[in-house]
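To convert a position in the sequence shown, counted from 1, into my numbering, add 198.
Encoded as structure tokens, the structure appears first; notes follow it.
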Amino acid sequence: MAAVFGLLAPALLAAPMPPSLRFTRLGVDDGLSHTTVWDVEQDARGFIWIATETSVQRYDGYELVDYQHDPDDPRSISDSDIIRIFRDRHGRLWLAGRDQALNRYDPESDGFVRYPPREGAAADQHNAAVYDVADDHDGGIWLATPNGLDRLDPATGAILHLTHDAADPASLATNVVDAVLEDAEGKLWIGTDAGLDRRDPVTGQIEHFLLEAEPADARTKIVLALAATPDGTVWVATAASTLYRYDRRENRFVRVATVPDNVISLLATPEGQLWMASYGGGLSRFDPATGQLASWLNDPADPESLSSNEALRLMLDDAGLLWVATRDGLSLYDPRRSRFTVLRAGEPGRGLSGRNVSAIFEDQRGELRIGSLEGSVDSWNPVTGKVEPWVFDPFPGSVKTIFESRSGQVWAGCERGLFRFDEARRRLLNVVGSDAFGLVTALAEDSAGTLWLGGSALATWTPKDGLSAPIPTDPSDPAALAPKRIYSLLVDRAGQLWVGGEGGLSRLDPLSRAIRSWRHDPQDPGGLPRADVTELYEDRAGQLWIGTYGSGLLLFDAATERFRDFRERDGLADDHVTGLLEDAGGKLWVSTNKGLSRFDPESGAFRSYDAADGLASKVFLIRSRFETRDHRLVFGGQNGLTLFDPAQLADDPVLPRVVITELRVGGEVMRPGAEGSPLSQAIAETRELSLRHGRRSFSFTFAGLHFANPSKNRYAYRLDGYDPDWLTARADDRRARYTNLDPGEYVFRVKAANADGVWSPREATLRIHVLPPPWKSWWAFTLYGLGLVGTIVGYDRWQERRLEREREISRQLRETDRLKNEFLANTSHELRTPLFGITGLAESLLDGVHGELPVPVCEDLAMMVASGRRLGGLVDDILDFSRLRRRELGLAFRAVDLSEAVELVFSLTMPLVGNKRLELVNAVEPELPDVHADENRLQQILLNLVSNAIKFTERGRVEISARVEGERVRVAVSDTGIGIAADQRERIFAPFEQVDASAERIAGGTGLGLAITRHLVELHGSTIELDSTLGVGSHFVFSLPIAKTDPAAAGSPAEAQRRMRTSVSSRVG
């Protein structure tokens, strides 16, 4: 067996390769690390593991992930050159290399647990290898090596080592162990270079079996491969190219077949078939029921053949696909692809003469006649696979159509005219030459037996009359044929001839020759689209279907003569339709430039197939199609023909197992346990994930582990909490990307459908917690809360201290204010007494109490009286302002005659006019209604305003006017004085403010008058307004409510005038 890993002389078999067995290859161009594949296995999750000469790789149908030995990583595999991969009955994956160490894959860490080889194995390194691995019902792992048989107990790490002992007949037959397995009864079968042994698991005794009583070939003793079935059958392949089966009743082995040399791997299928991998003999299959053996070899000219004749190992995956490890990569056989039988150009007798199949016909013997663009015609027997070419006389050029008339004559429309098949001589004879008609692209026969020829024109041919004159085509003539080049002819059930081609569609009555044509009209949305008509087909219901080159599939409504289209947007593989056929179930099959579509006219649903599904090509040629007598369909295209039974094309029931294969955060692939990685285990095993703030942009890659046609698997995913609906993804873009997610809880879900569009209900899910930023985390909010509480407590204490200080200041201010008020009151009283005394004495002297005084003395006394009165007014203003600020000034409201109040104010202020050329004008109408006011304070308001007006007016007039405005009386005091600047209008109402210093020096004043006036006006429920222009004058306005006059309370006018004079007499001056 050791020589198997060297160069063995191949023993090739001459058995023909069945055309239905086609392989998909996986090689170095697809990412394999080496051409030599020692072994292949599928793990419990569905991944495919591949052992090459340089590494172990994991395959998900799209990408290969490398696993190699890393001396610095104890989780890495012990040896990069792994020979065997084994999946035990518990789903654990074991890998054994040339170092005879055993590795168990740990899915959670995506690493390996190493089990070192037995003691003393290092001394065997010159002959080290593991040929086979098996497990037993107790969980032990058995290793077949060239140095004996080892059993590892994974729980303890203990290793049992069995060897040959010449002195012990119950020991192994030899130390070179090539194969090992446990049967259904728990007995261990051991294939060695010296025969077959069986070990009893209870006693540990080893029994030797002779495969032949007297073997003629010494190689019979070399057991290279073993296989067992659930029913207890054990199969044995030896180096003598012999296959044996164990007979349980007689406890012996029976020779059943001669097989290729060097069968080093056996695989029994659930259906009872036995596959064999032969190093040099390729792949073989033995059917125990019939005893038939078939073999398949590499064909350098066929990319779908076995990749190499040096087959090394076999594996049947969970979907029933056969994997073949060879010296030149992997070969994958999908039995479902055999639903499509493919015939391509190849060697004589086995392949077609031409590559591009352009015409197909089934003859009476059930053989297909196949024409090509290269100018060949072959007959193919689908049962025997035999291909025979036809002879031409002369060369026909491209074969466009093959047609059988009702008489049984078979015709071929070719590039160089019309040809007839001569069945007796197996030749094609020219009937109408190219010089007479030219290219013949389509043929049809009407009810009269007339043969219609379509090409660059339309004509008829009969044996009696020969070729007729062509019927002209004229795109500009509605009564003429529409197509200028004909691609398709059809005689419908009504006997009408339909003509389709470049430029449109026509219907011709063969008897009357009347023509009805349809051409593209841009103004007619229900008319014929802009496209060439490539195919015409009448279904069993009598409906006319039209294939176009660019506008998809059309259905013609005979009643309305309108067209309904079905296109790529509806699910059609391509809008360039080349052929149409109806199957026995009423489904329409549409060949296109991008595959084959099955159309259900009832539901309007399409299902498409392409080369990945097993078709010869995705590009089909015009009208290269045929339905056989047994209702199989044949379509021809650029790379041969495809034959299939539509009834056998059921959807694949095997559902993909979807897994998340990669996590990227910020574009960086995350590895479990790596620095900065959120993964503690492999992403495929992760169920919950936490992402901190700043790592909220991430992506997931996923795969549906179904390998029949992974490029056509489909995916749907969503992130609950973010995506409102499911998002779909193609196989070439299996990545879900998310950017800057808000903190919160999410669930990522992904599901997959197989290549037939059957969705698996199982989803891969991952719960994601996007953490808030540090300043929004729970502990941050805890700190915020503590800080807030501290701030509130500190602020409260600060407020208490501030309020205490304010209360102390307020107390001090109140005390100061009280002392000030007492001071003002006392001072005013103390001032008034001597002031009134001085003023009274001066007035008495002026009145002549002591006689007439000199004029200078009288003038001085008058000045003393005026100054005293002025000082008294100042004291009154200070007291009033103080009371106003303390809000201690109360008003006694009553009805007041405004006109009389103005007269009184003018009489009191007249002395202030002096020598000024100034007129005081009372413009208040006597009939004006009384106002509701405090009479004394109203006089004070007017007196202050008039006094100020007189002070600042040298000539002109001072006027008081009033008018009724609603429920109030608007009062205005105007003058023609110096005016007030705009920037000083607000200042003059502030305490101790004057217009300017120069005016003060001329007119004098304390600056309290207008401030008191403003407060008094506001106490009357109004505001005072000022409008002034420098050099023109000023205009003060305020309003008072109209009084509801009570005559009894008002008193006589004389009494009111007396009170008014008494109140204001002391304020003038």
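From the three backbone atoms N, C-alpha and C, an ideal C-beta is built for every residue, glycine too.
Values in this document were obtained by computation on a predicted structure and should not be read as measured data.
8 Å CB neighbourhood of residue i in its chain, flanking five on each side removed
{"i": "R893", "result": "V863, G864, P876"}
{"i": "R869", "result": "D308, S875, L877"}
8 Å Cβ cutoff met for residue i and residue j
{"i": "E237", "j": "I281", "result": "The sequence given here has Asp at residue 237, not Glu. It is a contact, given that the beta carbons lie within the stated cut-off."}
{"i": "R534", "j": "D850", "result": "yes"}
{"i": "L1237", "j": "V1167", "result": "Checking the sequence shown, residue 1237 turns out to be Ser, not Leu. Contact: yes."}
{"i": "G393", "j": "A377", "result": "no"}
{"i": "H359", "j": "R316", "result": "yes"}
{"i": "R1161", "j": "T1174", "result": "no"}
{"i": "L379", "j": "A332", "result": "yes"}
{"i": "F1187", "j": "L1217", "result": "no"}
{"i": "N1268", "j": "E572", "result": "This structure cannot speak to residue 1268, because the chain is shown only from 199 to 1267."}
{"i": "S897", "j": "Y944", "result": "no"}
{"i": "D395", "j": "L370", "result": "yes"}
{"i": "I858", "j": "A962", "result": "yes"}
{"i": "W494", "j": "L224", "result": "no"}
{"i": "G702", "j": "L687", "result": "no"}
{"i": "G631", "j": "A640", "result": "no"}
{"i": "L481", "j": "A509", "result": "yes"}
{"i": "S909", "j": "A934", "result": "no"}
Beta-carbon proximity list for residue i, same chain, < 6 Å, skipping 5 on both sides
{"i": "E1315", "result": "Coverage of the chain is limited to positions 199 through 1267, which leaves residue 1315 absent and any answer about it impossible."}
{"i": "R728", "result": "H718"}
{"i": "R805", "result": "R796"}
{"i": "A782", "result": "H829"}
{"i": "S574", "result": "S551, G552"}
{"i": "I246", "result": "Q240, Y257"}
{"i": "L1043", "result": "L1059"}
{"i": "R705", "result": "Q694, W696, R714"}
{"i": "S463", "result": "A423, A475, R511, L512"}
{"i": "R760", "result": "G724"}
{"i": "D526", "result": "T233, S505, S506"}
{"i": "K385", "result": "R396"}
Residue i classed as buried or exposed, judged by whether at least 16 other C-beta atoms fall within 10 angstroms
{"i": "S231", "result": "buried"}
{"i": "S506", "result": "buried"}
{"i": "N1142", "result": "buried"}
{"i": "V1053", "result": "exposed"}
{"i": "L1017", "result": "exposed"}
{"i": "R827", "result": "exposed"}
{"i": "H1130", "result": "buried"}
{"i": "L616", "result": "buried"}
{"i": "F979", "result": "exposed"}
{"i": "Y747", "result": "buried"}
{"i": "P1251", "result": "Interpretation of P1251 is limited by its pLDDT of 42, a score under 50 that renders its predicted location unreliable; no figure is taken from the coordinates."}
{"i": "I339", "result": "buried"}
7 Å Cβ shell around residue i - same chain, five flanking residues per side excluded
{"i": "T884", "result": "L877, L964"}
{"i": "L514", "result": "L465, T467, L520"}
{"i": "S888", "result": "P876, H967, L969"}
{"i": "F833", "result": "G777, S789, L794, F818, S822, R823, L839, T840"}
{"i": "A368", "result": "Q403, I404"}
{"i": "D297", "result": "S276, D277, P315, A326"}
Notebook entry, point to check: In chain order, which continuous runs of the beta strand (DSSP E) of length 3 or greater are located wholly inside the stretch 1030-1055?
Noted result: none
Check: Do the stretch 543-552 and the stretch 814-832 touch if we need at least three Cβ pairs shorter than 8 Å?
Finding: no
Check: Between the stretch 1039-1047 and the stretch 1088-1096, do three or more beta carbon pairs fall short of 8 Å?
Finding: Between the stretch 1039-1047 and the stretch 1088-1096 there are fewer than three C-beta pairs closer than 8 Å, too few to call the two in contact.
Margin query: Assess contact between the stretch 452-466 and the stretch 424-442, defined as three or more Cβ pairs (one per stretch) separated by less than 8 Å. Is contact present?
Written below: yes
Next item on the list: Counting only runs of 3+ residues fully inside the stretch 504-555, write out the beta strand (DSSP E) ranges in chain order.
Entry: Here the runs fully enclosed are 509-514, 520-524, 527-531, 538-541.
Item checked: Inside the stretch 715-747 only - beta strand (DSSP E) runs reaching at least 3 residues -> 730-736, 742-747
Check: Does the pairing of the stretch 947-964 with the stretch 844-859 give three or more beta-carbon distances under 8 Å?
Finding: yes
Next item on the list: Determine contact between the stretch 603-617 and the stretch 636-643, defined as no fewer than three beta-carbon pairs at a distance below 8 Å.
Entry: yes
Margin query: As an exercise, report each continuous beta strand (DSSP E) stretch of at least 3 residues that is fully enclosed by the stretch 247-274, in chain order.
Written below: 254-257, 262-265
Check: Three or more C-beta pairs closer than 8 Å, one from the stretch 620-632 and one from the stretch 589-607: is that the case here?
Finding: yes
Checklist line | Length-filtered (4 minimum) alpha helix (DSSP H) runs lying within the stretch 1088-1132 | finding: For the stretch 1088-1132, whole alpha helix (DSSP H) runs of length 4 or above, ordered along the chain, are 1096-1111.
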